[in-house]
Amino acid sequence: MTNGMNKLDVATCRGSVNVGGAVKQSREAMGYSVEELSLTCGLTGAEITRIELGADVDPARLRRIAAALQMPTSTFGPG
């Protein structure tokens, strides 16, 4: 897994990344597929996909994803 968080942090700080996009960028930066992240955080692949598409921004699910990726939920944007 590679760590590309510097680019993500800059994009998030500029406000140019929505929550779903930030989750997807974080997942990809950490080298996880949707399936791998789902196994790590205990959500289904469908739940993660809905979050990445912006159709679901449930705080509890975002916390689980953040914990699995070992990053603060603030990485996913303001809120």
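Numbering (numbering that gives the first Met the number 0), first residue to last: 0 to 78.
Each residue gets a CB set at the ideal place from its N, CA and C atoms; glycine is no exception.
When you compare only the Cα positions, how much space is there between residue i and residue j?
i, j, result
"E35", "E27", "11 Å"
"I64", "T72", "8 Å"
"L42", "G30", "17 Å"
"P58", "I50", "10 Å"
Under a Cβ-count criterion, where at least 16 other Cβ atoms within 10 Å of its own Cβ denotes burial, should residue i be classed as buried or exposed?
i, result
"S25", "buried"
"G105", "The structure shown has nothing for residue 105, since the chain only spans 0 to 78."
"L68", "buried"
"G53", "exposed"
"S32", "exposed"
"L38", "exposed"
"A21", "buried"
Could you have a look at residue i and say whether DSSP puts it in helix, strand or coil?
i, result
"T43", "coil"
"P71", "coil"
"V56", "coil"
"S32", "coil"
"T76", "Note that residue 76 is Gly in the sequence shown here, rather than Thr. In the structure shown, G76 sits in coil (DSSP, three-state: anything other than H, G, I, E or B)."
Under a CB-based cut-off of 9 Å, is residue i close to chain D?
i, result
"A45", "Here there is only one protein chain, and chain D is not present."
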